[in-house]
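Everything on this sheet refers to the single structure shown next.
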Amino acid sequence: MARAPLVADAEVLPEADRLDDFPHPRETRALYGQEGAQSIFAEALAGGRMHHAWLLSGPAGVGKATLAYQVARAALAEPEERDLFGQGLAIEPDSRTDRQVRALSHPSLMIIRRPYDQKTKRFPQSIPIDEVRKVKNFLAHSATGQGRRVVIVDTADELNQNAANALLKSLEEPPQRTIFLLMTSAPGRLLATIRSRCRTIQMGPLPESDLKRAAAQALTVAGKAVPEAHEWETLAPLAEGSVGRALVLLGGGGLALQSRIDQVLSSLPRLDLRTVHALSDELQPAAQDRKFQLFMDLLQTTLARLISAAATGQGPEREVQLAKRLIGEGRLATFAELWETLARDKADVVSLNLDRKSLILGTFARLEAASRG
């Protein structure tokens, strides 16, 4: 896990919302492909009609956190830091507010996220109530500068039940000029009472041109190579409009994992046992947690595409032909049920720290049986 160079605490403690060596969303200068969402916030700020709570909803990695920090900078900036930029969200680069937000040192900005446990050297699975309780003390202090306060929750999906209920109390009776920015990739999992108190901004997947520009920005800052055109032909469909997903695929060996998944699936109904055992051995150690998560995500996504191709006859020709051979019309329900089983089994393995090798071997054994009918 990379360390944030601008924050004293972050130099010691990893950040749950930082992806490897790539720039953190608060350090990202340009947001691509979300002009509509940016305009909504810019107009609300300029017109003095800023709602007290906003829900930034959309797939992971499409710029929700980057937008939240843009809004925070614009809301907290002094007038002279914005004069050069009209009515948009941008403020003067390297101004005091810009530096403070990047360093998480602005006294009127609070971030709620999963804290790093120095004893266990891990992040908790959810945001505990103690993190949300800090909001009460934060709001009790006088705001500085423009008199606004900003609370960013990254992400609301990770609040445990007690934490969600505690946050709801703050949303119900917020002090004046307080702005809550909640991020979610699964709004249906949030308390209905939280959703009802927020104005929702829907942020969709990025078009391929914006995806390339956003990924190139992050890769360049991190000192990594930008993919060639032929690499994008494979990467873009897998990224599904998410720059975060594209960076994980590039940085976590995702393209190589996808190639091995395709190799195994193409071998069915005769299972390539050597490749499957090599994969399961490689992904079993706890140190390979991120790679295991990426592998399971790619496998689930690939199965979903094949099921869709079998049902509709649409998609890339290679996937359509593979779907016809493995699934056909008669086994569609079987494969759909298998996908649901895989999702449940993966959740159990992650939450209960069960054996990963057994999950991988068992999943491919069921795929082999299903493809044979």
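The sequence shown begins at -6 in my numbering and counts up one residue at a time. The beta carbon of each residue, even a glycine, is placed where N, CA and C say it ideally should be.
Should residue i be labelled buried (16 or more other beta-carbon atoms within 10 Å of its own) or exposed?
i       : result
His91   : Reading off the sequence, residue 91 comes out as Asp, not His. With 16 or more other Cβ atoms within 10 Å, it is buried.
His223  : exposed
Pro(-2) : Annotation note: pLDDT 42 at Pro(-2) (below 50); position unreliable, coordinate value reported separately. When all chains shown are included, Pro(-2) counts as exposed.
His99   : buried
Lys339  : buried
Glu124  : buried
Asp87   : exposed
Ser252  : exposed
Gly51   : buried
Thr21   : buried
Glu4    : Any reading at Glu4 is ruled out, since the residue's pLDDT is 47, under 50, leaving its predicted position unreliable.
Gln169  : exposed
Arg75   : buried
Arg190  : buried
Ala133  : exposed
Asp2    : Note that Asp2 scores 42 on pLDDT, short of 50, meaning its location in the model is unreliable; the coordinates nonetheless yield the value given after this. Classification of Asp2: exposed, given that the 10 Å Cβ count is below 16.
By Cβ distance below 7 Å, which residues in the same chain neighbour residue i in space, the five residues on each side in sequence not counted?
i      : result
Val214 : Pro16
Gln277 : Arg349 and Lys350
Trp225 : Lys205
Ile120 : Ile105, Arg106, Arg107, Glu151, Leu152, Asn153 and Ala156
Gly306 : Val313
Ala232 : Leu204, Arg238, Ala239 and Leu242
Arg208 : One detail in the question is off: residue 208 reads as Ala in this sequence, not Arg. Contacts found: Val236, Ala239 and Leu240.
Gly308 : Arg298, Ser301 and Ala302
State yes or no: is the C-beta of residue i within less than 8 Å of the C-beta of residue j?
i      : j      : result
Asp150 : Thr177 : yes
His45  : Pro167 : yes
Glu302 : Ala316 : Checking the sequence shown, residue 302 turns out to be Ala, not Glu. Cβ atoms of Ala302 and Ala316: closer than 8 Å.
Phe173 : Leu164 : yes
Leu60  : Leu24  : yes
Thr171 : Arg142 : yes
Ile122 : Ala156 : yes
Leu291 : Ile254 : yes
Leu261 : Glu361 : yes
Leu347 : Phe288 : no
Val94  : Leu102 : yes
Gly237 : Ala37  : no
Arg89  : Tyr62  : no
Val269 : Leu345 : no
Leu49  : Leu175 : yes
Leu272 : Ala304 : no
Ala65  : Ile84  : no
Gly246 : Lys217 : no
Ala30  : Met196 : yes
Leu228 : Leu248 : yes
Within the same chain, show all residues whose beta-carbon is closer than 6 Å to that of residue i, passing over the 5 residues directly before and after it, in chain order.
i      : result
Leu212 : Val219
Asp282 : none
Arg106 : Ala9, Asp10 and Asp147
Gly56  : Leu24 and Gln27
Arg192 : His44 and Trp47
Ser364 : Leu261, Pro262 and Leu319
Ser202 : none
Residues bridged to residue i by DSSP?
i      : result
Thr193 : Leu48
Ile104 : Ile145
Arg115 : Asp110
Leu152 : Ile120
Thr171 : Arg142
Thr177 : Ser50
Enumerate in chain order the residues of its own chain whose CB-to-CB distance from residue i is below 8 Å, with the five nearest sequence positions on each side excluded.
i      : result
Pro200 : Gly26 and Gly234
Gly323 : Gly366
Asp110 : Phe116 and Pro117
Leu299 : Leu258, Glu312, Leu315, Ala316, Leu319, Ile320 and Phe328
Thr334 : Arg359
Trp332 : Gln293, Leu296, Ala297 and Ile300
Phe357 : Val257, Leu264 and Val269
Gln286 : Val343
Does any residue of chain D bring its CB to less than 8 Å from the CB of residue i?
i      : result
Arg324 : Given the protein chain composition of this structure (a single chain), no chain D is represented.
(message) Give the list of continuous alpha helix (DSSP H) stretches no shorter than 4 residues that lie fully inside the stretch 182 to 258.
(response) Note on the stretch 182 to 258: whole alpha helix (DSSP H) runs with a minimum of 4 residues are 185 to 189, 201 to 214, 222 to 232 and 236 to 244, in chain order.
(request) Quick one: which unbroken beta strand (DSSP E) runs of 3-plus residues sit fully inside the stretch 283 to 349? Chain order, please. (result) Taking only runs of at least 3 residues, no beta strand (DSSP E) segment lies wholly in the stretch 283 to 349.
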